[in-house]
Amino acid sequence: MTRKTSKTQPTDGGETHQTAQDGHETMTTQVGMPIADGQNSLKVGRRGPHLIEDQIFREKLFHFDHERIPERVVHARGYGAHGTFELTQSLDDVTRAKVLTEVGEKTEVFVRFSTVAGNKGSADLARDVRGFAVKFYTKEGNWDLVGNNIPVFFIQDAIKFPDLIHAAKQEPDRAFPQAQTAHDNFWDFISLMPEAMHMVMWIMSDRTIPRSFRFMEGFGVHTFRLVNDAGKSSFVKFHWKPQQGMQSVLWDEAVKINGADPDFHRRDLWDAIQKGDYPKWDLGVQIFDEDFADSFDFDVLDATKLVPEEQVPVRMVGTLTLDRMVDNFFAETEQVAFQTGNIVPGIEHSNDPLLQGRNFSYLDTQLKRLGSPNFNHIPINAPRCPFAHLQQDGHMAMHKPQGRANYEPNSHGEGPRENPERGFRSYPAEEQGEKLRVRSETFADHYSQARMFYLSQTDTEKDHIADALIFELSKVEAVSIRERMVSHLVNIDIGLAEIVADGLGLNEVPVAAEPARPVIDTDLSPALSILANAPDTFSGRKLGVLVTDGIDAKVLEALKLAAEDAGATVEIVAEKVGGITSNRGQRIEADQKLDGAPSVLYDAVAVIASDEGATRLGRVHAARGWLADAHAHLKFIALSEAAQAEFWPKAVPDDPDAGVFVLSADDGAEDFLTACARMRFWDRGA
Ligand code: HDE
Numbered sequence: 003m004t005r006k007t008s009k010t011q012p013t014d015g016g017e018t019h020q021t022a023q024d025g026h027e028t029m030t031t032q033v034g035m036p037i038a039d040g041q042n043s044l045k046v047g048r049r050g051p052h053l054i055e056d057q058i059f060r061e062k063l064f065h066f067d068h069e070r071i072p073e074r075v076v077h078a079r080g081y082g083a084h085g086t087f088e089l090t091q092s093l094d095d096v097t098r099a100k101v102l103t104e105v106g107e108k109t110e111v112f113v114r115f116s117t118v119a120g121n122k123g124s125a126d127l128a129r130d131v132r133g134f135a136v137k138f139y140t141k142e143g144n145w146d147l148v149g150n151n152i153p154v155f156f157i158q159d160a161i162k163f164p165d166l167i168h169a170a171k172q173e174p175d176r177a178f179p180q181a182q183t184a185h186d187n188f189w190d191f192i193s194l195m196p197e198a199m200h201m202v203m204w205i206m207s208d209r210t211i212p213r214s215f216r217f218m219e220g221f222g223v224h225t226f227r228l229v230n231d232a233g234k235s236s237f238v239k240f241h242w243k244p245q246q247g248m249q250s251v252l253w254d255e256a257v258k259i260n261g262a263d264p265d266f267h268r269r270d271l272w273d274a275i276q277k278g279d280y281p282k283w284d285l286g287v288q289i290f291d292e293d294f295a296d297s298f299d300f301d302v303l304d305a306t307k308l309v310p311e312e313q314v315p316v317r318m319v320g321t322l323t324l325d326r327m328v329d330n331f332f333a334e335t336e337q338v339a340f341q342t343g344n345i346v347p348g349i350e351h352s353n354d355p356l357l358q359g360r361n362f363s364y365l366d367t368q369l370k371r372l373g374s375p376n377f378n379h380i381p382i383n384a385p386r387c388p389f390a391h392l393q394q395d396g397h398m399a400m401h402k403p404q405g406r407a408n409y410e411p412n413s414h415g416e417g418p419r420e421n422p423e424r425g426f427r428s429y430p431a432e433e434q435g436e437k438l439r440v441r442s443e444t445f446a447d448h449y450s451q452a453r454m455f456y457l458s459q460t461d462t463e464k465d466h467i468a469d470a471l472i473f474e475l476s477k478v479e480a481v482s483i484r485e486r487m488v489s490h491l492v493n494i495d496i497g498l499a500e501i502v503a504d505g506l507g508l509n510e511v512p513v514a515a516e517p518a519r520p521v522i523d524t525d526l527s528p529a530l531s532i533l534a535n536a537p538d539t540f541s542g543r544k545l546g547v548l549v550t551d552g553i554d555a556k557v558l559e560a561l562k563l564a565a566e567d568a569g570a571t572v573e574i575v576a577e578k579v580g581g582i583t584s585n586r587g588q589r590i591e592a593d594q595k596l597d598g599a600p601s602v603l604y605d606a607v608a609v610i611a612s613d614e615g616a617t618r619l620g621r622v623h624a625a626r627g628w629l630a631d632a633h634a635h636l637k638f639i640a641l642s643e644a645a646q647a648e649f650w651p652k653a654v655p656d657d658p659d660a661g662v663f664v665l666s667a668d669d670g671a672e673d674f675l676t677a678c679a680r681m682r683f684w685d686r687g688a
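Under the numbering used here, think of the first position of the sequence shown as 3, with each following residue one higher.
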């Protein structure tokens, strides 16, 4: 179906002229009847009642009334893009999956990023886990790696998932707060679930306020099984490492970005891909065998644990590139149906009780959401390789099976049959035991890795974790819940517990929660810190430049050139979107109007002002806020001389520091951009 619409113009007389002749297709009903007038419904006379026989009106409204489908029960807000996965290193020693063994092979992929708790219309910078779901359209069927940007999870058994999500989403009586965990129900549940403590450290860290989908890691979370041609089994953990580097925003920025641009992450991905700056992630694997797994202090089937990279290095085997936005959001991003059950020969599930539960839930939920067992007929879900099966009929069946035999075996000589050579064979893992409703005692250590994560952070990141806990728990009304949560922190790190207790105004640090297993001091894992592994490039980032009338255009040109060399995008911000006029009368257009583009939308900022312009900016509230926020958010800042002399003192009480650069037509821009690769001038905060 094409989407070109005919141009129609209502006339004063209430009639319309159709102008389909000007190159557009003729608009039709769903069944192809050409429409002469799509502007007016059929009435008795000019001012009379509608006629029910108006099939054009009824069809259009009928369809509109049914446009919405149920949103995902979790991960409702998401954004997707197409791309490819190219294998660079064969894993044929451990798997027979072609997608992981054919070096140089480019496999089509579709990726959907999401937040978890908020509804479809919630804001992008909610403090939340991000979904990172990848559908590989492999030669051997679709493989869905439905991961998150955090390598562990809250719970150990899928039977607790509905409780977790009920507690996290808006409270049932009041229907708020939206897209936030800062409320009683969430912390009540969490503080009663010691197994969640490792995940709590992650969600209170900067991982949950990423600067962009492009700047975050992804993880398969569970231990999966790989099986090679000889039938040998290995365990694997999957990782996505962003070539762009990791980066997060500050909490105060997140709050303000949500107001200024609730679609911040969507827009970022859209802009980058439209501009040809394709985001890339390397696929990494940690591979270990069952015996090695037994040597860990934890159980690899427990999704609240990670395998430290320092213990099992991540082997990079391929690259994912996102290079095409969807044509239509609903058809693709909304209707895509990920399923942990979608695996291919050579890749298998482990007994992780969370993963086993997911295998039921993802298939089940699609029936509710997409309304038919034929959801794999929708193009975004359909495999790209040949497929043949005897499943038939049902709502909205799009296939037209041929022939007489719809069963097998048959003696008509028709239809597909199994292929023991190519087909999926389950690894014959030995299983035995009583039928029990229990949690393995090997899952009982709830604090050691939480402690490892916290202690592996830089001081700045530790401060952010404490701040986030204090913020969230301050929104909790019941003091007993706040105290119970802090009693868990005592087991993670007494210093952290003391800071949070103090920040909450508790009289004393509560007694430690009784751990099921003694807390172990493990080696630290520097790989878990964002800042310790910060990128050393400003490429793919955004520079906001506030300009005024009367500036020397050469200063701006020099800055733009340096930014371009650094691979960054520049956005010109001015008091009027029409732009400004330089001192030589040159017109410079603005991309944004000042109060619609606060500095939180940029990674670094510059102010280029004339003498008069700088004085004027000093009187404009939005301009002062623009610079003051950039300063408070520890951004690198560049200023023209006049901006520094006249505007800075009106906006910022402190003197300019080493994170502030002065720009002229032939100096300052390169030094500024070099500094920007460090993202923030952390010393300012110290
Ligand atoms: Fe999900 N999850 N999940 N989840 N999940 C869904 O499936 C579920 C879990 C994840 O962009 C739902 O199609 C259970 C872990 C992503 O379309 C649902 C459990 C991880 C997405 C579901 C988990 C995830 C979902 C809702 C506990 C990281 C979005 C809509 C056992 C490894 C996929 C849908 C997309 C979506 C169930 C836990 C990631 C209800 C029962 C752990 C990225 O089926």
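We put the CB at the ideal spot given by N, CA and C, even for glycine.
Ligand 1 heavy atom lying under 8 Å from the CB of Gly-415: With a threshold of 8 Å, the Cβ atom of Gly-415 does not count as near ligand 1, since no heavy atom of the ligand is closer than that.
Three-state class that DSSP yields for Val-319 in the structure shown: Strand at Val-319.
Own chain, CB closer than 8 Å to Ala-480, minus 5 neighbours either side, in chain order: If we look at Ala-480 and ignore the five residues flanking it on each side, its Cβ neighbours are Asp-186, Asp-190.
Rounded separation between Phe-683 and Lys-637 - CA only: If you take the alpha carbons of Phe-683 and Lys-637, they lie about 6 Å apart.
C-alpha gap between Thr-444 and Pro-520, whole angstroms: Taken atom to atom, the span from the alpha-carbon of Thr-444 to that of Pro-520 is near 13 Å.
Burial state of Phe-64 (16 or more Cβ within 10 Å): With fewer than 16 other beta carbons inside 10 angstroms of its own, Phe-64 counts as exposed.
Asn-150 CB to nearest heavy atom of ligand 1 below 8 Å: Correct: Asn-150 has its Cβ closer than 8 Å to ligand 1.
The stretch 462 to 482 / the stretch 535 to 554 touching (three or more Cβ pairs under 8 Å): Taking one beta carbon from each stretch, the stretch 462 to 482 and the stretch 535 to 554 have fewer than 3 pairs nearer than 8 Å; the two do not touch.
Beta-carbon proximity list for Asp-14, same chain, < 8 Å, skipping 5 on both sides: Note on Asp-14: pLDDT 41, under 50, position unreliable in the model; no value is reported.
Backbone secondary structure at Pro-196 - three-state DSSP: Reduced to three states, the DSSP call for Pro-196 is helix.
Neighbour-count burial assignment, Asp-130, 16 or more Cβ in a 10 Å radius: With 16 or more neighbouring CB atoms inside 10 Å of its own CB, Asp-130 falls in the buried class.
Candidates Arg-216, His-490, Val-118, Lys-578: closest to Gln-182 by CA position: Answer by Cα proximity: Val-118.
Range of the contiguous alpha helix (DSSP H) that encloses Asn-493: Per DSSP, the unbroken alpha helix (DSSP H) holding Asn-493 starts and ends at 481 to 494.
Own chain residues within Cβ distance below 7 Å of Trp-204, not counting five before or after: Ile-152, Val-154, Phe-455, listed in sequence order.
Where His-52 falls, given that 16 or more other Cβ within 10 Å makes a residue buried: His-52 should be labelled exposed.
heavy atom of ligand 1 below 8 Å from Phe-138 C-beta: Within 8 Å of the C-beta of Phe-138 there is not a single heavy atom belonging to ligand 1.
Among Pro-537, Val-549, His-635, Glu-614, nearest to Gln-246 - alpha-carbon criterion: Among Pro-537, Val-549, His-635, Glu-614, the Cα nearest to that of Gln-246 belongs to Pro-537.
CA nearest to the CA of Asp-605, picked from Asp-447, Asp-395, Gly-546, Glu-107: That would be Gly-546, whose Cα lies nearest to the Cα of Asp-605.
C-alpha gap between Ile-211 and Glu-559, whole angstroms: The alpha-carbon separation between Ile-211 and Glu-559 amounts to approximately 33 Å.
Ligand 1 heavy atom lying under 8 Å from the CB of Thr-367: It does: the Cβ of Thr-367 is within 8 Å (strictly closer) of some heavy atom of ligand 1.
Counted within 10 angstroms of its Cβ, other Cβ atoms place Glu-231 as buried (16 or more) or exposed: Looking at the sequence itself, residue 231 is Asp, so the reference to Glu does not match. Exposed, since its Cβ has fewer than 16 Cβ neighbours within 10 Å.
Segment contact, 8 Å Cβ cut-off, at least three pairs: the stretch 281 to 300 with the stretch 507 to 519: In short, these stretches do not touch, since the Cβ pair count stays below three.
Heavy atom of ligand 1 within 8 Å of Ile-483 beta-carbon: No, ligand 1 has no heavy atom inside 8 Å of this Cβ.
Counterpart residues of Trp-242 in DSSP-defined beta bridges: Note: Trp-242 is bridge-paired with Gly-220, Leu-285 in the DSSP secondary-structure output.
Nonlocal neighbours in the same chain, by C-beta distance under 8 Å from Gly-687, ignoring five residues either side: Closer than 8 Å at the Cβ level, and outside the excluded window around Gly-687, lie Thr-462, Leu-636.
Neighbour-count burial assignment, Glu-648, 16 or more Cβ in a 10 Å radius: Buried.
Whole-Å CB distance - Pro-418 paired with His-379, under 8 Å assumed: His-379 and Pro-418 do not touch by the CB rule: their CB atoms are close to 17 Å apart, not below 8 Å.
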